[in-house]
Amino acid sequence: MIQIDPQQDVIQKPIPTSIFNQSPGATLLYPVYAWIPISGAETYEVEILDDLPENPNGTLPSIHRIDSAFAIGFDYYDKNPRIAEKPFYWRVRGLDQNGAPVGVYSDAGQFSVNPTMHAAVATFGDSITHGGGSVSYSPADWEYSYQYYLNFPSINLGKSGDTSETMVERFERDVLPFHPQYLIILAGTNSLRGGATAENIIADLKMLKEKCLINNIRPVLLTLPPINPENIKKVFDEPTAPDWQEQMQLVNDFVRTQVHIDVAHEMKYSNGILPSKLATDGLHLDIEGKKKIAAAVNANWDRIIELAWQSSLE
1 MIQIDPQQDV IQKPIPTSIF NQSPGATLLY PVYAWIPISG AETYEVEILD DLPENPNGTL
61 PSIHRIDSAF AIGFDYYDKN PRIAEKPFYW RVRGLDQNGA PVGVYSDAGQ FSVNPTMHAA
121 VATFGDSITH GGGSVSYSPA DWEYSYQYYL NFPSINLGKS GDTSETMVER FERDVLPFHP
181 QYLIILAGTN SLRGGATAEN IIADLKMLKE KCLINNIRPV LLTLPPINPE NIKKVFDEPT
241 APDWQEQMQL VNDFVRTQVH IDVAHEMKYS NGILPSKLAT DGLHLDIEGK KKIAAAVNAN
301 WDRIIELAWQ SSLE
């Protein structure tokens with residue numbers, strides 16, 4: 001029988017749930033730190049370190065702190081890429097409504113995003129690439145990432161919220177340090193939702209292709225899966241451009257002229273709308289949707305390896 005001493009103070013600390021680098025697809029350039037919340041905490045402070053803290057389970061910041069951020073709830077999406085040959089560490093503590101500590105820092109978790117550890121394949125895109133789904137599951141819930149189901153190792157260079165334009169902007173910083181042989185690119189969904197034209201997105205895709213080829217990287221484009229504007233509005237209260245289907249078709253028509261994998265075809269949708277069973281929120285594919293992307297990539301990969309080296313600048 002378990003006995004609890006009511007006079008004994010219980011020291012509270014959040015419990016980290018993001019376990020990096022131990023599962024397929026579990027290396028994120030933009031980490032998502034998740035934890036089990038504690039009673040009495042209104043907000044949380046996430047601390048990122050370049051070594052193990054000298055004050056484990058304390059209340060003061062570590063001398064090894066390199067960054068920190070505040071979050072509400074149970075996760076935080078890092079806004080900065082984390083690249084280093086040494087491991088990173090992270091921990092989180094709860095704060096009350098006045099900003100005072102509630103309990104102590106969590107145990108420190110470790111993760112590595114080492115550019116010298118060669119990855120032949122990298123994936124590049126927005127939140128569909130970054131991972132997560134079913135509204136409340138983040139990219140740190142690995143089964144909600146299509147990379148988890150690939151037949152080969154990969155590094156995830158996705159960033160939630162990306163547009164095709166921001167992918168072009170961050171290419172040199174976020175892709176080149178890893179020198180992948182192949183870059184799987186899924187770009188344009190957020191751009192289309194926001195009203196960008198297919199012409200602009202195609203121009204960005206051409207620029208990404210050019211950047212890849214001049215750096216001896218083989219680009220592999222994915223067609224854009226459909227979305228469900230009604231569900232997006234219901235969950236996020238965000239509008240979708242009224243001509244998104246027409247513009248998406250134009251983008252996918254272009255992608256199909258390149259070295260590509262047609263993941264949109266695998267969604268088996270009708271009327272051009274993504275079924276709710278594949279994405280609760282109308283945008284972020286759930287487990288079955290992510291499995292469909294991976295299945296399409298796996299089924300075509302041997303063919304792609306041969307075709308990709310035939311890519312050339314136009």
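Going by the working numbering, 4 is the number at position 4 of the sequence shown; the sequence numbering is gapless.
Here a beta-carbon is modelled for each residue, glycine too, at the ideal position from N, C-alpha and C.
Computed from a predicted model, the values in this text were never measured in an experiment.
Per-residue burial, residue i [other beta carbons within 10 Å of its own, 16 or more giving buried]
| i | result |
| --- | --- |
| residue 55 | exposed |
| residue 267 | buried |
| residue 260 | buried |
| residue 100 | exposed |
| residue 256 | exposed |
| residue 136 | exposed |
| residue 161 | exposed |
| residue 237 | exposed |
| residue 193 | buried |
| residue 248 | buried |
| residue 52 | exposed |
| residue 73 | exposed |
| residue 63 | exposed |
| residue 106 | buried |
| residue 253 | exposed |
| residue 191 | buried |
| residue 242 | exposed |
| residue 124 | buried |
Per-residue DSSP class, three states only, for residue i
| i | result |
| --- | --- |
| residue 237 | coil |
| residue 175 | coil |
| residue 189 | helix |
| residue 263 | coil |
| residue 219 | strand |
| residue 281 | coil |
| residue 39 | coil |
| residue 164 | helix |
| residue 299 | helix |
| residue 308 | helix |
| residue 4 | The pLDDT assigned to residue 4 is 44, lower than 50, so where the model puts this residue is not dependable, and the model offers no usable value. |
Segment limits, beta strand (DSSP E) that includes residue i
| i | result |
| --- | --- |
| residue 47 | 43-49 |
| residue 256 | Unbroken run through residue 256: none, as it is neither H nor E. |
| residue 67 | 65-71 |
Beta-carbon proximity of residue i to residue j, cut-off 9 Å
| i | j | result |
| --- | --- | --- |
| residue 26 | residue 133 | no |
| residue 168 | residue 208 | yes |
| residue 113 | residue 33 | no |
| residue 48 | residue 78 | yes |
| residue 76 | residue 111 | no |
| residue 224 | residue 131 | no |
| residue 226 | residue 264 | yes |
| residue 139 | residue 158 | yes |
Closer than 9 Å to chain D by CB, residue i
| i | result |
| --- | --- |
| residue 58 | Reference to chain D is not applicable here, since this structure consists of a single protein chain. |
Span of the alpha helix (DSSP H), counted from its first residue to its last, around residue i
| i | result |
| --- | --- |
| residue 200 | 198-214 |
> Quick one: complete beta strand (DSSP E) runs, 3+ long, within the region 74-152?
Replying inline: 75-77, 88-95, 109-111, 121-125
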